[in-house]
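The sequence shown begins at 103 in this note's numbering and counts up by one. Beta carbons are placed, not taken as given, at the ideal position from N, Cα and C, and that holds for glycine. Note that the structure is predicted; figures quoted are calculated from it, not measured. Reading through the structure tokens given below for one structure.
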Amino acid sequence: MNKLKERWGIDTNFQLIIILLVFAITGSSATKLAAPVCEFFGIYRETSPWYIFWSLRILLIFPIYQILLVLFGWLFGQFQFFWTFEKKMLTRLGFGRYLNQE
Numbered sequence: 103m104n105k106l107k108e109r110w111g112i113d114t115n116f117q118l119i120i121i122l123l124v125f126a127i128t129g130s131s132a133t134k135l136a137a138p139v140c141e142f143f144g145i146y147r148e149t150s151p152w153y154i155f156w157s158l159r160i161l162l163i164f165p166i167y168q169i170l171l172v173l174f175g176w177l178f179g180q181f182q183f184f185w186t187f188e189k190k191m192l193t194r195l196g197f198g199r200y201l202n203q204e
């Protein structure tokens with residue numbers, strides 16, 4: 103745990119627990135929210151080919167996750183950590199040019 107705290111630049115075990123909790127809640131929420139979004143676009147598991155359904159669902163989870171991560175981070179008082187984390191992840195994925203770099 104100390105290596106993780108050091109790597110992420112956090113001080114307390116409580117802060118680490120909050121951050122891990124936010125990651126868990128965000129992942130679960132993103133997968134749950136992908137189902138109604140798929141249905142909104144008319145993509146149903148029963149009527150769509152499995153490779154189209156699962157490909158689109160996984161592609162939908164990614165942006166939903168990114169938005170929820172910052173939102174839940176803010177709700178749990180860890181906005182700065184998750185905003186920095188988000189910028190770093192999006193930069194590594196090639197979206198850095200769209201972010202306001204400080």
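>> Suppose you measure from the CA of R199 to the CA of N115; what does that come to, to the nearest Å?
In response: 34 Å
> R97 lies in the alpha helix (DSSP H); which residues open and close that run?
Replying inline: The requested residue 97 is not part of the displayed model; the chain covers only 103 to 204.
> If you compare alpha carbons, which of I120, L106, K107 and I112 is closest to G175?
Replying inline: I120
> Nearest-angstrom Cα distance between F187 and G111?
Replying inline: Each residue's alpha carbon lies about 11 Å from the other.
>> If contact is defined by three or more beta carbon pairs under 8 Å, each pair taking one atom from either stretch, is the stretch 162-177 in contact with the stretch 147-154?
In response: no
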